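Peer 1: Numbering (the numbering used here), first residue to last: 2 to 470.
Please find one structure pasted underneath; my questions will follow.
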Amino acid sequence: MSTLTIDSLVAAITTPGGREVHDPATEALIGTVADSTPAEVAAAIAAARAAQPSWAARSDDERRTLLHQAADAIEANAEALAELLSREQGKPLNGPNARFEVGGCAAWLRATAETPVPTEVLVDDGTTHAELHYRPIGVVGAITPWNWPMLIAVWQIAPSLRMGNTVVNKPSEYTTLSGLALIHVLNTVLPAGVLVPVTGAGDVGAAITASADVDKIMFTGSTKTGKKIVETTASNLPRITLELGGNDAGIVLPDADPKAIAEGLFWGAFINTGQTCAAMKRLYVHDSIYDEVVDALAAFAANVPMGVGLDEQNVLGPLQNKMQYGVVDRLVEAAKASGARVVLGGDPDTSKPGNFYPTTIVADIDPQNPLVVEEQFGPALPVIRYHDVEDAIAQANALEVGLGGSVWSADRDRAREVAARIQAGTVWINSHGGVDPRIPFGGVKGSGYGLEFGVEGLKGVAVPQVVNG
Ligand code: NDP
């Protein structure tokens with residue numbers, strides 16, 4: 002298997018004269034990319050449609066073998082993929098970042114290949130024999146975001162392919178090169194037409210969701226766009242999985258050990274410099290240990306290096322784009338204006354290039370402050386003081402979103418009681434945000450619907466069919 006260099010990878014996916022793509026840390030030009038025309042989007046969907054019957058006709062074992070070979074291809078080209086990802090997305094090579102993400106792509110492909118999808122015998126009583134099978138849906142339109150542009154693409158692509166569907170993937174306009182690079186490597190193994198990229202900004206996503214030739218939409222992004230997708234698809238009724246992020250709450254109970262949980266709290270909130278759907282975005286801490294938790298968290302956070310991703314020492318990077326920088330800056334300024342206490346950060350150095358926003362912790366903040374109730378999706382964590390856990394649970398549940406949540410306590414049973422009352426698709430205990438290809442993941446309320454990962458995720462990209470008799 003040939004190994005790509007960063008230069009040969011970039012050369013394979015860039016188009017001279019196209020839209021310029023810049024490094025969010027240095028503002029250097031990485032390359033240029035062509036956006037798909039409406040005719041090219043239609044042709045991509047038609048190609049995926051044409052390839053789907055023969056892909057579905059292959060045996061499950063053949064498709065599983067190809068997913069493993071795709072993982073081999075990712076591993077053979079891991080360093081070039083990680084470098085490009087770091088340069089375009091901004092996330093550092095090290096820490097839970099670019100190399101970790103590329104490794105996750107291979108791991109997810111393998112786990113998806115190895116997840117059994119048994120035929121379920123529903124009734125077998127001597128007179129009735131009914132089975133539940135999972136059949137291919139057809140063409141999946143996968144619309145992927147800019148925060149984990151390779152891993153989230155694999156989360157949509159791998160199960161879709163395993164279940165006999167073909168895929169048209171539209172990477173975010175902010176991280177088009179990362180998406181194209183991933184597909185370029187996967188397509189060294191996959192048959193033609195099985196995985197087809199389209200690119201663009203402004204109307205390509207809508208063209209996919211409006212197409213009568215797309216049978217399933219998988220979307221990871223904002224609640225606002227998720228709602229538009231539901232409206233657009235009303236006439237064709239494709240199946241839909243929506244992973245729409247959220248505003249996850251962490252609740253620290255009075256018996257937690259502040260020093261012992263500081264590192265876990267930090268990474269729960271600041272992984273990928275806070276640009277993660279299921280990151281902890283607001284932290285509720287009991288008054289009795291509030292100051293110790295804030296101090297321990299700030300002490301840990303102050304020593305975590307942020308900088309240019311290709312510098313091996315850094316583990317936090319810039320915000321990927323100026324739109325998100327503007328959101329974080331606005332919310333922190335709102336918190337400051339309200340009199341909240343900035344314990345760390347909050348004062349970006351605008352004289353340097355790049356979208357760097359410093360690691361920021363804001364304490365003594367009103368529970369209704371915009372930094373608490375709006376999604377910051379960046380490195381600025383509000384820490385809210387509570388006196389009664391009932392209030393903390395009520396505040397955790399007060400928003401229109403419910404992707405994840407966490408409870409931090411020395412008493413696992415007590416933590417599980419609180420967890421049961423949080424309205425979220427996943428509640429972690431003494432950690433936040435970890436995902437696992439064996440464990441279903443999805444949101445409730447405005448965080449969307451449908452499950453990814455595990456056998457539930459595979460069923461989500463298939464049509465259930467009962468065979469009775
Ligand atoms: P959006 O949620 O708006 O998603 C943009 C993507 O959706 C683009 O690929 C776009 O394609 C596509 N799209 C837009 N409209 C439609 C439509 N009607 N039908 C189908 N596809 C459509 O994300 P942004 O990147 O603008 O980020 C906005 C916010 O979303 C962030 O501030 C953050 O809070 C959140 N977010 C959440 C993520 C998560 O992991 N859940 C990831 C990233 C962002 P086109 O350009 O062709 O229209």
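Backbone N, C-alpha and C fix where the C-beta goes; we use that ideal spot for every residue, glycine too.
None of the values given here were measured: they were computed from a predicted structure.
Between residue 383 and residue 243, what straight-line distance do the alpha-carbon atoms span, to the nearest angstrom?
Peer 2: About 27 Å.
Peer 1: Going by alpha carbons, who is nearest to residue 112 out of 229, 158, 28, 47?
Peer 2: Looking at the Cα atoms, 158 is the closest of the given residues.
Peer 1: Where does residue 235 sit, in a helix, a strand or coil, going by DSSP?
Peer 2: Correct three-state label for residue 235: coil.
Peer 1: Do the stretch 101-108 and the stretch 116-129 meet, that is, are 3 or more Cβ pairs less than 8 Å apart?
Peer 2: As far as the Cβ criterion goes, the stretch 101-108 does not touch the stretch 116-129, which means the pair count is below three.
Peer 1: What did DSSP end up calling residue 353 once you bin it into helix, strand or coil?
Peer 2: Three-state result, residue 353: coil.
Peer 1: Under 7 Å: does the beta carbon of residue 245 sit that close to some heavy atom of the ligand NDP?
Peer 2: Yes.
Peer 1: Does DSSP put residue 258 in a helix, a strand or coil?
Peer 2: The answer is coil: DSSP assigns residue 258 none of H, G, I, E or B.
Peer 1: Could you tell me which residues DSSP pairs with residue 271 in its beta bridges?
Peer 2: Beta-bridge pairing links residue 271 to no other residue.
Peer 1: Hey, how far is the Cα of residue 177 from the Cα of residue 277?
Peer 2: Looking at the two C-alpha atoms, the distance is approximately 18 Å.
Peer 1: Is residue 535 near the ligand NDP, with its Cβ less than 7 Å from a heavy atom?
Peer 2: There is simply no residue 535 to check, as the chain begins at 2 and stops at 470 in what is shown.
Peer 1: Given the structure, does residue 173 come close to the ligand NDP, in the sense that its CB is under 7 Å from one of the ligand's heavy atoms?
Peer 2: Answer for residue 173: yes, Cβ within range of the ligand NDP.
Peer 1: Is the distance from the Cβ of residue 211 to the Cβ of residue 233 below 8 Å?
Peer 2: Yes.
Peer 1: Taking 7 Å as the cut-off, is the C-beta of residue 106 nearer than that to any heavy atom in the ligand NDP?
Peer 2: No; taking the cut-off as 7 Å, the Cβ of residue 106 has no heavy atom of the ligand NDP nearer than that.
Peer 1: Does the stretch 403-418 come within contact of the stretch 69-82, defined as at least 3 CB pairs closer than 8 Å?
Peer 2: Taking 8 Å as the limit for Cβ pairs, the verdict is that the stretch 69-82 does not touch the stretch 403-418.
Peer 1: If you measure between the beta carbons of residue 319 and residue 180, is that distance less than 8 Å?
Peer 2: The answer is no: Cβ separation not under 8 Å.
Peer 1: Using a Cβ-Cβ cut-off of 7 Å (strictly less than) and excluding sequence neighbours within five positions of residue 337, which residues of its own chain qualify?
Peer 2: Closer than 7 Å at the Cβ level, and outside the excluded window around residue 337, lie 343, 347.
Peer 1: Give me whichever residues DSSP pairs with residue 407 in a beta bridge.
Peer 2: DSSP, once it has assigned bridges, lists 251, 429 as partnering residue 407.
Peer 1: Against chain C, does residue 226 count as a neighbour if the rule is that its beta carbon must be under 8 Å from one of theirs?
Peer 2: Of the protein chains in the structure, only one exists, and it is not chain C.
Peer 1: Consult DSSP for residue 46 and reduce its assignment to one of helix, strand or coil.
Peer 2: Correct three-state label for residue 46: helix.
Peer 1: On the CB-based measure, 16 or more other CB atoms within 10 Å of its CB, does residue 225 come out buried or exposed?
Peer 2: Per the 10 Å Cβ criterion, exposed.
Peer 1: If you drop the 5 nearest sequence neighbours on each side, which residues of the same chain put their C-beta closer than 7 Å to that of residue 345?
Peer 2: Excluding positions up to five away in sequence, the list reads 299, 302, 303, 360, 361, 362.
Peer 1: Which term fits residue 235, buried or exposed, when burial requires 16 or more other beta carbons within 10 angstroms of its beta carbon?
Peer 2: Under this definition residue 235 is an exposed residue.
Peer 1: Report the partner residues of residue 82 according to the DSSP bridge assignment.
Peer 2: Partner(s): none; residue 82 has no beta bridge.
Peer 1: Helix, strand or coil for residue 466, going by three-state DSSP, please let me know.
Peer 2: Three-state result, residue 466: strand.
Peer 1: Report the CB separation of residue 397 from residue 291 in whole angstroms; it is logged as a contact under 8 Å.
Peer 2: Not quite, the Cβ-Cβ distance comes to about 16 Å (not below 8 Å), so this is no contact.
Peer 1: So what does DSSP say about residue 460, is it helix, strand or coil?
Peer 2: Helix, per DSSP.
Peer 1: Less than 8 Å between the beta carbons of residue 296 and residue 339, yes or no?
Peer 2: No, these two residues do not count as a Cβ contact at 8 Å.
Peer 1: Are the beta-carbon atoms belonging to residue 453 and residue 461 less than 8 Å from one another?
Peer 2: Yes, Cβ-Cβ distance for residue 453 and residue 461 is below 8 Å.
Peer 1: From this set, 257, 250, 215, which residue's C-alpha is nearest residue 240's C-alpha?
Peer 2: Per the Cα distances, 215.
Peer 1: Given residue 51, which residues of its chain have a CB within under 8 Å of its CB, disregarding the five upstream and five downstream residues?
Peer 2: Excluding sequence neighbours, residue 51 sits near 194.
Peer 1: In the DSSP assignment, find the unbroken alpha helix (DSSP H) run with residue 1 in it and report its ends.
Peer 2: Outside the displayed range of the chain (2 to 470) lies residue 1, so it cannot be described from this structure.
Peer 1: Return the CA-CA distance between residue 25 and residue 143, expressed in angstroms with no decimal places.
Peer 2: Cα-Cα distance, rounded: 25 Å.
Peer 1: So the alpha helix (DSSP H) residue 113 belongs to, where does it begin and stop?
Peer 2: 99-115 is the extent of the alpha helix (DSSP H) around residue 113.
Peer 1: On a CA-only basis, which of 435, 78, 294, 28 is nearest residue 6? Give me that one, please.
Peer 2: Cα-wise, what sits closest to residue 6 is 78.
Peer 1: How about the stretch 161-176 and the stretch 130-139: do they share at least three Cβ pairs that are nearer than 8 Å?
Peer 2: Cβ pair count under 8 Å is three or more, so yes.
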